[in-house]
Structures are given as C-alpha cells and as structure tokens.
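Enquirer: Protein chains in written order, with the working numbering: chain A, 10 to 311; chain B, 125 to 171. The C-beta atom is built at its ideal place from N, Cα and C for all residues, glycine as well. Take this structure, written in structure tokens, and hold onto it; I'll ask about it next.
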Amino acid sequence: MTATPTAGPAGGPPSPTSTPSRPEAHPGPASTGSRATRVIGLLALVAIGLLALYGLVISPADAEMADAVRLYYIHVPSAICLALGCFITTGASALWLRRRSAGWDALAEAGAEVALVFAAITLLTGSLWGRPTWGTYWTWDARLTSTAVLTALLVGYLALRRLDLDPDARSVRAAVLGLLLVPNFIVVNRSVEWWRSLHQESTLFRLDPAIEGDMLVAAMVGYLAFALVFTWLMIHRFRVAWLEQAADRVDLDAALAARRSEAQAPPSAPSAPTEPSEPSAAAPAAPVEPSGAATPTEVPSR
Amino acid sequence: MIAMTHAGYVAAGWLATFGLIGGYALSVLRRGRTLSRQVPPEERRWS
Numbered sequence: 010m011t012a013t014p015t016a017g018p019a020g021g022p023p024s025p026t027s028t029p030s031r032p033e034a035h036p037g038p039a040s041t042g043s044r045a046t047r048v049i050g051l052l053a054l055v056a057i058g059l060l061a062l063y064g065l066v067i068s069p070a071d072a073e074m075a076d077a078v079r080l081y082y083i084h085v086p087s088a089i090c091l092a093l094g095c096f097i098t099t100g101a102s103a104l105w106l107r108r109r110s111a112g113w114d115a116l117a118e119a120g121a122e123v124a125l126v127f128a129a130i131t132l133l134t135g136s137l138w139g140r141p142t143w144g145t146y147w148t149w150d151a152r153l154t155s156t157a158v159l160t161a162l163l164v165g166y167l168a169l170r171r172l173d174l175d176p177d178a179r180s181v182r183a184a185v186l187g188l189l190l191v192p193n194f195i196v197v198n199r200s201v202e203w204w205r206s207l208h209q210e211s212t213l214f215r216l217d218p219a220i221e222g223d224m225l226v227a228a229m230v231g232y233l234a235f236a237l238v239f240t241w242l243m244i245h246r247f248r249v250a251w252l253e254q255a256a257d258r259v260d261l262d263a264a265l266a267a268r269r270s271e272a273q274a275p276p277s278a279p280s281a282p283t284e285p286s287e288p289s290a291a292a293p294a295a296p297v298e299p300s301g302a303a304t305p306t307e308v309p310s311r
Numbered sequence: 125m126i127a128m129t130h131a132g133y134v135a136a137g138w139l140a141t142f143g144l145i146g147g148y149a150l151s152v153l154r155r156g157r158t159l160s161r162q163v164p165p166e167e168r169r170w171s
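As structure tokens, this is what we get:
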C-alpha cells in the first residue's frame with residue numbers, strides 16, 4: 010500500500026524521478042504525524058467510541074423520527090465541520106491575498122478539502138435521514154439545494170487548485186473563489202428561514218433546545234468527536250499542503266541547479282565530423298528523420 | 125441486538141460516515157509519508 014514516489018505536488022504534473030539532488034532519506038519526522046496529532050487522534054477514537062455507545066445504544070428513539078434520530082448525531086456535527094472548513098478557507102484566502110504567505114495558501118487548500126469530505130457526509134446522512142422521515146432521498150428544497158451548490162463550489166475550488174498554471178496565478182484564482190465559500194454557507198444556514206423549507210430549523214442552538222437527557226448527551230458527544238476528527242484531519246492535511254509546496258521548491262531548485270551547471274560547463278571543442286558508425290546487429294540504429302531532425306550527436310535543448 | 129426502526133438507514137449512514145473519514149484519513153497519511161521522503165528535514169518542523 011505504498012504510494013508511488015513520483016506523485017507530484019497538487020496542481021502540477023508528476024515530478025520526475027531522476028532529480029539528482031532530491032534527498033531520499035532524512036532524519037526527522039517521516040510523516041505528517043507529531044505528538045500533538047497522536048494525542049488528538051487517540052482522543053478522537055475514544056470520542057467516536059463514546060458516540061457510538063450513546064448514539065446507537067443509550068440514546069432513546071425520538072417520538073417523531075423514531076430511530077432515524079441516530080443519524081442526527083452524525084449529520085449535524087458533519088454540517089458544522091463543513092462550516093468550519095468554509096470559514097477557514099475563506100479566512101485563509103483573504104489573508105493570503107493580503108500577505109502572500111505560503112502558509113495561508115496551504116491552510117486554505119486544507120480547509121477546502123476537509124470541508125468537502127464533511128459536505129459529502131452531510132449530504133449522504135441527510136439523504137438517508139430524509140428517506141424514512143420525508144419519504145424521499147432528495148428534494149429540491151432550499152437547504153438541500155444550497156448545500157449541493159456549496160459542495161459544487163468546493164469541488165470547483167479543488168479542481169482549480171489542480172490546474173496546470175503558474176502557482177501564483179493559480180493561488181490567486183483559488184483564493185478569489187475561496188472568498189465565496191462563507192457567503193454561500195450563510196445562504197445555506199439561513200435558507201430555512203428565508204424560504205419555505207422541509208428541513209427543520211435549529212434544534213440545539215437556540216434558547217430552548219428541543220432535545221434533552223441522553224439525546225442531548227449523545228449530540229454533545231457527537232460535536233466533540235467530530236471536532237477532534239476535524240482538528241486531526243486539518244493538521245495533517247495542512248502539513249501535506251506544506252510538504253507539497255516544499256516538494257515544488259525542491260524540484261524548482263534542482264532544475265535551476267541543472268541549468269546553472271549546464272551554463273557554467275566549458276564549451277566542448279568542436280568535434281570533427283565523423284562517419285556514422287555501422288549499425289550493429291545487436292543494437293539497430295533508430296530511424297533518422299530525413300531533414301530538420303536532430304542527428305544522433307545533437308543534444309536537444311530544454 | 126437492539127430492536128431498531130430504520131436500522132438499514134442508520135447503519136448505512138454510520139458506516140458510510142466513518143468509512144469515508146477513515147479512508148480519507150489514510151489517504152492523507154499516505155500522501156504525507158510519500159512527500160516527507162521527498163523534502164529536506166528543515167521543511168518538516170513538527171515533531
């Protein structure tokens with residue numbers, strides 16, 4: 010299950026494997042993990058176990074939704090993580106446009122990708138909840154439609170980041186698109202109030218929460234578990250984006266060094282024209298273009 | 125086993141959620157390991 014070492018950074022083609030100056034083995038962390046992420050990951054696993062216990066076993070069935078309420082404990086936290094990812098991407102995009110610091114660009118990319126994962130979970134669990142509750146997996150309701158538009162925007166953002174463009178121009182375009190995520194999320198959030206909607210309004214974040222007892226505990230454990238998972242994913246994904254930028258720089262430095270050594274090499278003495286050697290039987294010569302093509306002694310310029 | 129209404133929808137939702145999160149987490153870790161081998165240690169300042 011090892012990934013090919015030729016995989017290039019996001020937004021660019023695969024890197025050449027023959028880069029001579031690229032180091033292959035270094036001391037230091039061999040992954041994006043650290044002590045902090047290991048602690049957060051462990052806490053997230055414990056919280057997920059507690060969530061399963063409360064959400065699937067201890068929590069009673071709802072009077073109206075029956076056991077479909079158990080999807081609520083993962084659907085709403087996913088939607089909150091989607092919102093967090095959008096806010097991080099928009100904020101980091103704005104800061105990148107202002108300060109042009111590579112860290113903000115990496116954070117914006119990480120936020121969008123993690124947000125897309127939670128957008129997919131939100132739509133999926135919402136559909137699975139809608140079938141027994143509304144009688145359909147999907148309807149063009151304001152909340153559902155605006156969430157689908159937000160998901161499409163995230164897909165477009167990440168597709169834009171993978172275009173083969175000048176990295177700076179690509180980051181500018183992605184950042185401009187990233188600025189639209191929070192306004193779009195506000196439309197999603199307010200859609201149940203602005204338009205007639207099948208989707209219920211806020212259950213928990215109001216003065217008189219509509220759930221209590223073990224259901225409230227299960228919901229709280231769900232928020233905690235998803236917050237930990239989101240944090241863990243964000244830290245790792247940010248480090249991946251950071252490493253992708255570093256790998257890009259390593260590639261660029263290697264290419265520049267190769268060009269410099271080419272330019273500094275003493276010009277070789279012009280060699281006398283030689284007769285082409287006889288093609289051997291073991292290694293037949295490649296066919297030569299009749300005119301305008303490189304002869305075997307020429308080195309194509311790059 | 126606990127008697128549950130809509131058990132299929134609940135199971136599908138939970139399995140898909142944690143399957144997706146787990147798969148994505150593994151892919152991020154794998155990308156991180158691959159890239160860590162390609163960049164000098166001064167670019168990996170976390171520990």
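Which runs of the alpha helix (DSSP H) at least 4 residues long sit entirely within the region 57-134 of chain A? Give them in chain order.
Expert: Entirely contained in the region 57-134 of chain A, the alpha helix (DSSP H) runs reaching 4 residues are, in chain order, 78-108.
Enquirer: Under 7 Å between beta-carbons, which chain A residues line up against B/G156? List them in chain order, please.
Expert: Chain A residues near B/G156: S40, T41, H245, R248, V249, L252.
Enquirer: Taking only beta-carbon atoms, is A/R79 less than 8 Å away from chain B?
Expert: Closer than 8 Å to some Cβ of chain B, the Cβ of A/R79 qualifies, so yes.
Enquirer: Within 8 Å of any Cβ in chain A, is that where the Cβ of B/G137 sits?
Expert: Yes, contact with chain A.
Enquirer: Leaving out five residues before and five after A/V123 in sequence, what residues of the same chain have Cβ atoms less than 7 Å from its Cβ?
Expert: Excluding residues within five positions, the ones whose Cβ falls inside 7 Å are G94, F239, L242, M243, R246.
Enquirer: List the whole-angstrom C-beta distance separating A/S40 from B/S151, where the pair is believed to meet the contact cut-off of C-beta under 8 Å.
Expert: Rounded, the Cβ-Cβ distance is 13 Å, inconsistent with contact.
Enquirer: By the DSSP assignment, the alpha helix (DSSP H) with A/L169 in it spans what residues?
Expert: Looking at the DSSP string, the run of the alpha helix (DSSP H) that includes A/L169 is 151-170.
Enquirer: Need the endpoints of the alpha helix (DSSP H) that A/A184 sits in, please.
Expert: From DSSP, the alpha helix (DSSP H) with A/A184 extends over 176-187.
Enquirer: Leaving out five residues before and five after A/G64 in sequence, what residues of the same chain have Cβ atoms less than 8 Å from its Cβ?
Expert: R79, Y82, I83, A227, V230, G231.
Enquirer: Which residues in chain B sit within 8 Å of A/A72, going by Cβ to Cβ distance?
Expert: Neighbours of A/A72 on chain B: none; closest Cβ ~12 Å, over 8 Å.
Enquirer: Where does A/L207 sit, in a helix, a strand or coil, going by DSSP?
Expert: Here A/L207 sits in coil by DSSP.
Enquirer: Shorter than 8 Å from the beta carbon of A/R140 to some beta carbon of chain B?
Expert: It does; some Cβ of chain B falls within 8 Å.
Enquirer: Under a Cβ-count criterion, where at least 16 other Cβ atoms within 10 Å of its own Cβ denotes burial, should A/L125 be classed as buried or exposed?
Expert: Buried.
Enquirer: Which term fits B/E167, buried or exposed, when burial requires 16 or more other beta carbons within 10 angstroms of its beta carbon?
Expert: Flag for B/E167 reads buried.
Enquirer: Check each residue of the region 125-155 of chain A: if its Cβ is closer than 8 Å to any Cβ of chain B, include it; give the result in chain order.
Expert: From the region 125-155 of chain A, only V126, A129, I130, L133, T134, L137, W138, R140, P141 have a Cβ closer than 8 Å to chain B.
Enquirer: How long is the line joining the alpha carbons of A/T142 and A/G58, rounded to whole angstroms?
Expert: So the alpha carbons of these two residues sit roughly 27 Å apart.
Enquirer: Along the region 255-277 of chain A, what residues have a CB closer than 7 Å to any CB found in chain B?
Expert: If the cut-off is 7 Å between Cβ atoms, the region 255-277 of chain A has A255, A256, V259 near chain B.
Enquirer: Determine the chain B residues that contact A/A75 at a beta-carbon separation under 9 Å, and present them in chain order.
Expert: Neighbours of A/A75 on chain B, chain order: M128, T129, H130.
Enquirer: Apart from the five residues just before and just after A/A184, which ones in its own chain have a Cβ nearer than 8 Å to its Cβ?
Expert: Contacts found: S102, A103, W105, L106, D114, A117.
Enquirer: Does any C-beta atom of chain B lie closer than 8 Å to the C-beta of A/I83?
Expert: A/I83 counts as touching chain B.
Enquirer: When you compare each of A/P176, A/G120, A/V181 to A/L163 by their alpha carbons, which one comes out closest?
Expert: Residue A/G120 is the option with its Cα nearest to A/L163.
Enquirer: Report yes if the C-beta distance between A/S193 and A/V158 is below 8 Å; otherwise report no.
Expert: It is worth fixing the name first, because residue 193 of chain A is Asn in this sequence and not Ser. Yes, the Cβ-Cβ distance between A/N193 and A/V158 is below 8 Å.
Enquirer: Interface residues of chain D around A/V238 at Cβ under 9 Å?
Expert: The displayed structure is made up of protein chains A and B, and chain D is not among them.
Enquirer: According to DSSP, is B/A135 helix, strand or coil?
Expert: In this structure, B/A135 counts as helix in the three-state DSSP scheme.
Enquirer: Using 8 Å as the limit for Cβ to Cβ distance, is A/L59 near chain B?
Expert: No, its Cβ sits nowhere closer than 8 Å to a Cβ of chain B.
Enquirer: Can you say whether A/Q273 is buried or exposed, counting buried as having 16 or more other CB atoms within 10 angstroms of its CB?
Expert: Looking at its Cβ environment, which holds fewer than 16 other Cβ atoms inside 10 Å, A/Q273 is exposed.
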